[in-house]
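Enquirer: Each residue of the first sequence is one higher than the last, beginning at 1 in full-length UniProt numbering.
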Amino acid sequence: MFLALRAEVESALTGALETLDLPTDDLGIEEPPEGVDAVVASSVAFRLAGELGAPPAEVAARIADAVDADEYEYVREVRAQGPYVNVLPTPSYYADTLDAGRDDDYGELPATGEDVLVEHTSANPTGPVHVGRARNPIVGDAVARLLDYAGHDVTTEYYVNDAGRQMAVFTWAYETFDEDDLDSEPERGRVEYDLVRYYRKGNAYLEEAHPDAVEAAEDEIQSILQGLEEGDEETYERVQRVVDQVLGGMRECLLRLPAEFDEFVKETSFMRDGGTKELAERLQETDEAVIEDGAWQLDLSEWGYEKKLVFLRSDGTSLYTTRDLAHHEWKFDAYDRSVTVLGEDHKLQAGQLQAALELLGNDTDQLENVIYSYVNLPEGKMSTRRGTGIDLDDLLDEAIQRAREEVEKRLDDRIREDDIDADDVERIAEQVGVGAVRYDIVSKQPQKAITFEWDEALDFEAQSAPYIQYAHARSCGILDDTETPDEADASLLEADAEIELLRETARFPGVVDAAATDLEPHQIATFAREYADAFNTFYRECPVLADDVDPAVRRARLALVASARNTLANALDVLGIEAPRSM
RNA sequence: GGGCACGUAGCUCAGUUCGGACAGAGCGUCUGGCUUCUAACCAGAAGCGCGGGGGUUCGAAUCCCCCCGUGCCCGCCA
1 MFLALRAEVE
11 SALTGALETL
21 DLPTDDLGIE
31 EPPEGVDAVV
41 ASSVAFRLAG
51 ELGAPPAEVA
61 ARIADAVDAD
71 EYEYVREVRA
81 QGPYVNVLPT
91 PSYYADTLDA
101 GRDDDYGELP
111 ATGEDVLVEH
121 TSANPTGPVH
131 VGRARNPIVG
141 DAVARLLDYA
151 GHDVTTEYYV
161 NDAGRQMAVF
171 TWAYETFDED
181 DLDSEPERGR
191 VEYDLVRYYR
201 KGNAYLEEAH
211 PDAVEAAEDE
221 IQSILQGLEE
231 GDEETYERVQ
241 RVVDQVLGGM
251 RECLLRLPAE
261 FDEFVKETSF
271 MRDGGTKELA
281 ERLQETDEAV
291 IEDGAWQLDL
301 SEWGYEKKLV
311 FLRSDGTSLY
321 TTRDLAHHEW
331 KFDAYDRSVT
341 VLGEDHKLQA
351 GQLQAALELL
361 GNDTDQLENV
371 IYSYVNLPEG
381 KMSTRRGTGI
391 DLDDLLDEAI
401 QRAREEVEKR
411 LDDRIREDDI
421 DADDVERIAE
431 QVGVGAVRYD
441 IVSKQPQKAI
451 TFEWDEALDF
461 EAQSAPYIQY
471 AHARSCGILD
481 DTETPDEADA
491 SLLEADAEIE
501 LLRETARFPG
511 VVDAAATDLE
521 PHQIATFARE
531 YADAFNTFYR
541 ECPVLADDVD
551 PAVRRARLAL
561 VASARNTLAN
571 ALDVLGIEAP
581 RSM
């Protein structure tokens with residue numbers, strides 16, 4: 001309802017300003033602070049005060065007088081409060097919110113018909129997913145869900161980097177070394193934990209072995225790269241044997257979050273279909289293409305890049321960015337918009353990619369990036385190759401373990417109404433543990449650096465998923481054994497806590513809209529926390545099922561609780577966090 | 001050296017796009033609350049003037065300039 005109200009306010013203010021013969025370019029619409037009855041406000045009077053030579057308060061009063069609230073469904077009254085023009089909503093604003101909130105899909109916006117591709121994670125298939133890059137699947141999955149809620153047709157893509165040097169190294173190492181050569185047992189039963197040992201062994205060998213031996217190995221690695229470039233089928237099969245196994249394990253790990261993908265697009269596919277070769281030829285024909293030291297490069301100084309972008313090595317082979325250009329033209333072909341979630345270390349590359357795409361005549365307005373900073377350990381960076389880092393599997397296991405302890409502690413602490421068996425404990429522990437990890441990451445602005453600390457990542461009491469999940473479980477506790485009334489009179493909701501909760505409920509679709517526009521799922525995380533605050537206050541102050549509650553009031557409160565349950569469940573759903581029915 | 005990010009209570013973070021109502025939460029500290037729909041909760045107290053300095057403005061955490069600190073990037077790697 002908030003979006004509808006705001007639209008009415010825009011129209012009303014524009015009309016009022018036109019009546020007064022004032023400019024309407026900036027309406028100064030904002031949400032008032034806590035403690036103000038208004039739901040929407042405007043600070044436009046400040047700006048017009050100078051022009052009119054009158055104090056802001058007087059201007060605000062004049063504007064408020066010029067609005068006829070009767071023309072609008074949700075605007076009850078527009079009044080000046082000091083220099084602000086404040087808008088109070090009609091009873092139907094609350095009544096319609098109470099109705100809309102009871103739909104299971106409350107918060108989902110109407111379909112836009114826009115096809116959006118969200119590429120995220122795309123971690124090189126070299127080994128177990130570690131926490132350093134865990135931000136990518138968590139933020140990426142939330143962005144995809146958010147755009148879905150905002151009404152777009154979303155496809156998620158994992159771009160598989162199976163053509164680079166590291167995969168050639170991996171393939172060589174996998175074929176060269178035996179189990180006996182490895183100096184450690186796999187840390188886990190899953191396949192990527194087994195195979196990563198070959199990758200690490202290979203890298204160590206290249207650093208430590210006799211120069212002659214290293215040269216022989218390098219020859220083999222080069223022949224793999226050349227084979228891929230030439231589209232040699234046997235080489236391709238050899239590399240894929242490693243890629244598919246490791247990727248399969250990584251997918252299982254990501255599924256625990258859960259992060260799922262509609263498409264796995266392989267980098268080699270743009271070599272095998274000739275797309276990269278054709279693209280390089282088009283680049284060669286541009287005015288910006290130059291040959292330096294035998295390599296084809298792009299002079300992108302017009303776009304502000306000092307560094308030239310090499311797109312063909314002196315031996316004629318393509319580079320990652322060359323293939324990624326073909327990849328992106330493929331995206332542009334198939335989708336209306338393309339969003340990529342990537343680490344800040346790829347920022348320069350992404351900028352050059354965009355410039356090159358423009359150079360090739362693409363409309364890059366359809367391309368957007370969500371950039372995040374890596375999660376580091378107190379002692380430094382995490383690395384798959386060196387084997388330093390916390391595995392995402394370990395983090396999730398630890399989170400679930402700590403959540404299980406909490407659930408069990410609470411079982412001992414108090415007598416509960418609901419019956420919880422061992423399966424329930426396990427389910428709740430998983431929902432809460434994984435949810436806590438996701439919320440910890442998705443609730444922060446992605447561009448801020450995070451240093452990983454176990455106790456911080458696994459703090460269930462701070463502003464965390466469990467707090468929001470708990471509010472949801474409480475709402476279920478009220479609704480579970482109760483008939484949800486068909487009729488509910490919103491005007492009976494008069495307590496501060498009730499009105500506040502209803503106001504917050506009304507905001508939800510608007511928050512989805514804003515967060516999706518900005519590609520910022522953390523806005524949903526902030527909202528969800530504030531919403532849980534409002535619900536918990538309501539829960540404390542307004543009994544629903546108590547005997548002395550008037551039946552009509554009870555019906556209204558039940559409807560409000562149903563709206564709250566849907567809002568909490570869907571806000572969590574946007575973030576990819578489960579909403580337990582009991583905790 | 002250059003480019004890009006980030007710097008808000010003791011700690012972890014919202015707020016910065018689009019400048020406006022007293023700068024907000026959680027944790028921690030202190031106080032009170034479970035015969036009442038789940039106390040992973042609620043209510044209250046103390047605590048920051050937004051890295052530093054200039055500027056623009058009626059008004060700056062928010063915009064501009066300089067400086068300091070931290071991170072990332074500046075490969076014929078990905």
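Ideal placement from N, C-alpha and C gives every residue a C-beta, glycine not left out. All values reported here derive from a predicted model rather than from experimental measurement.
To which residues of the same chain is A259 closer than 6 Å at the C-beta, ignoring the five residues directly before and after it?
Expert: As a position in the first sequence, residue 259 is number 259, starting the count at 1. Within the same chain, A259 has close Cβ partners P137 and D141.
Enquirer: DSSP three-state call for Y199: helix, strand or coil?
Expert: Sequence index remark: in the first sequence, residue 199 carries index 199 (1-based). Looking at Y199 - three-state DSSP - the assignment turns out to be helix.
Enquirer: So what does DSSP say about K381, is it helix, strand or coil?
Expert: As a first step, residue 381 is located in the first sequence; it is residue number 381 there, counting from the start. Coil.
Enquirer: Have a look at C476 and A12 and give me their C-alpha separation to the nearest angstrom.
Expert: Reading the first sequence from its first residue, position 476 is the one you call residue 476. Reading the first sequence from its first residue, position 12 is the one you call residue 12. Taking the straight line from one Cα to the other gives about 40 Å.
Enquirer: By a C-beta neighbour count over all protein chains shown, 10 Å radius and 16 as the cutoff for buried, is I291 buried or exposed?
Expert: To locate residue 291, count along the first sequence from 1; it is residue 291. Label assigned to I291: exposed.
Enquirer: Taking L572 and V434 to be in contact with their CB atoms under 8 Å, please state how far apart those CB atoms are, rounded to whole angstroms.
Expert: Sequence index remark: in the first sequence, residue 572 carries index 572 (1-based). Sequence index remark: in the first sequence, residue 434 carries index 434 (1-based). With a Cβ gap of about 12 Å, L572 and V434 do not count as contacting.
Enquirer: Closest by CA to D333, which one among A562, A123, D363 and G343?
Expert: The sequence position of residue 333 within the first sequence is 333, counting from 1. Per the Cα distances, D363.
Enquirer: Taking only three categories from DSSP, how would you classify G477?
Expert: The residue given as residue 477 occupies position 477 in the first sequence. Three-state result, G477: helix.
Enquirer: Are I441 and A134 closer than 8 Å when you measure CB to CB?
Expert: Translated into the one-based positions of the first sequence, residue 441 becomes position 441. Translated into the one-based positions of the first sequence, residue 134 becomes position 134. It is a contact, given that the beta carbons lie within the stated cut-off.
Enquirer: Which residue from L5, D299, G361 and E157 puts its Cα closest to that of T287?
Expert: For the purposes of this step, residue 287 is identified with residue 287 of the first sequence, where counting begins at 1. It should be pointed out that residue 287 corresponds to Asp in this sequence rather than to Thr. The candidate whose alpha carbon is nearest that of D287 is D299.
Enquirer: Roughly how far, in whole angstroms, is the beta-carbon of V118 from the beta-carbon of V265, given that I think they are within contact range, below 8 Å?
Expert: Within the first sequence, residue 118 is the residue found at index 118, counting from 1. Within the first sequence, residue 265 is the residue found at index 265, counting from 1. That belief does not hold up - the Cβ atoms of V118 and V265 are roughly 13 Å apart, past 8 Å.
Enquirer: List in chain order: all unbroken alpha helix (DSSP H) runs of 4+ residues lying wholly within the segment 62-127.
Expert: For the segment 62-127, whole alpha helix (DSSP H) runs of length 4 or above, ordered along the chain, are 91-101.
Enquirer: With DSSP as the reference, identify every bridge partner of V290, one or two as the case may be.
Expert: Against the first sequence, residue 290 aligns to sequence position 290. Paired residues: Q297.
Enquirer: Is the beta carbon of V239 sitting closer than 8 Å to the one on L228?
Expert: As a first step, residue 239 must be located in the first sequence, where it is residue number 239. As a first step, residue 228 must be located in the first sequence, where it is residue number 228. In this structure, L228 lies closer than 8 Å to V239 by Cβ.
Enquirer: Tell me whether I390 sits in a helix, a strand or coil according to DSSP, three-state version.
Expert: On the first sequence, residue 390 is found 390 positions in, with the first residue counted as 1. Note: I390 maps to coil in three-state DSSP.
Enquirer: Between the Cα of D25 and those of Y539, R47, Y198 and E34, spot the shortest distance and give me the residue it belongs to.
Expert: Counting from 1 along the first sequence, the entry for residue 25 is found at position 25. Its Cα nearest to that of D25, the residue R47 stands out among Y539, R47, Y198 and E34.
Enquirer: Please report the residue range of the beta strand (DSSP E) in which G343 lies.
Expert: Locating residue 343 in the first sequence gives position 343, counting from the first residue. Element bounds for G343: R337 to G343.
Enquirer: Runs of 3 residues minimum, wholly inside the segment 198-274: which ones carry the beta strand (DSSP E) assignment?
Expert: 263-266
Enquirer: Taking only the alpha-carbon atoms, compute the straight-line gap between R282 and L360 and give it to the nearest angstrom.
Expert: By 1-based counting over the first sequence, the position of residue 282 is 282. By 1-based counting over the first sequence, the position of residue 360 is 360. If I take the Cα positions, the gap works out to 8 Å.
Enquirer: What are the partner residues of A436, as DSSP defines its beta bridges?
Expert: The count along the first sequence starts at 1 and reaches residue 436 at position 436. A436 pairs with nothing; no bridge assigned.
Enquirer: Report, in whole angstroms, the separation of the C-beta atoms of residue 601 and V544, which I expect to be a contact under 8 Å.
Expert: For the chain, the structure presents residues 1 to 583; residue 601 sits outside this window and is missing.
Enquirer: Please work out which residues of its chain come closer than 7 Å, Cβ to Cβ, to R565, disregarding the five sequence neighbours upstream and downstream, and give them in chain order.
Expert: Counted from its first residue, the first sequence places residue 565 at position 565. Around R565: H472, S475, C476 and L479.
Enquirer: What is the DSSP secondary structure of I29, counted as helix, strand or coil?
Expert: On the first sequence, position 29 is the one that residue 29 refers to. I29: strand per DSSP, three-state reduction.
Enquirer: Just to confirm my understanding: we take W172, look at its own chain, exclude 5 residues before and 5 after, and list those with CB closer than 7 Å. What are they?
Expert: Looking up residue 172 in the first sequence gives position 172. If we look at W172 and ignore the five residues flanking it on each side, its Cβ neighbours are G202, A217, E220, I221 and I224.
Enquirer: Any contact between the segment 194-208 and the segment 160-177? By contact I mean 3 or more CB pairs, one from each, below 8 Å.
Expert: yes
Enquirer: Rank D180, W454 and D419 by C-alpha distance to the C-alpha of I400 and give the top, closest one.
Expert: For the purposes of this step, residue 400 is identified with residue 400 of the first sequence, where counting begins at 1. Considering only alpha carbons, the answer is W454.
Enquirer: Starting from the Cα of Q523, find the closest Cα among T451, A546 and Q445 and give me that residue.
Expert: Walking along the first sequence from the start, residue 523 turns up at place 523. Here the closest residue by C-alpha is Q445.
Enquirer: Once DSSP output is grouped into helix, strand and coil, what is the label at T24?
Expert: As a first step, residue 24 must be located in the first sequence, where it is residue number 24. Three-state result, T24: coil.
Enquirer: For the beta strand (DSSP E) that I420 lies in, which residues bound it at each end?
Expert: Within the first sequence, the letter at position 420 stands for residue 420. First-last for I420: undefined, no H or E at that position.
Enquirer: What's the gap between the Cα of Y320 and the Cα of V169?
Expert: For the purposes of this step, residue 320 is taken as residue 320 along the first sequence, with counting starting at 1. For the purposes of this step, residue 169 is taken as residue 169 along the first sequence, with counting starting at 1. Cα to Cα, Y320 sits roughly 16 Å from V169.
Enquirer: Identify the continuous alpha helix (DSSP H) that holds L357 and give its terminal residues.
Expert: Position 357 of the first sequence holds residue 357. It spans K347 to L359 - the alpha helix (DSSP H) in which L357 sits, taken as one unbroken run.
Enquirer: Quick check: the Cα distance between K331 and E267, rounded to an integer number of angstroms?
Expert: What you label residue 331 is simply residue 331 of the first sequence in a count that begins at 1. What you label residue 267 is simply residue 267 of the first sequence in a count that begins at 1. Taking the straight line joining both Cα atoms gives about 13 Å.
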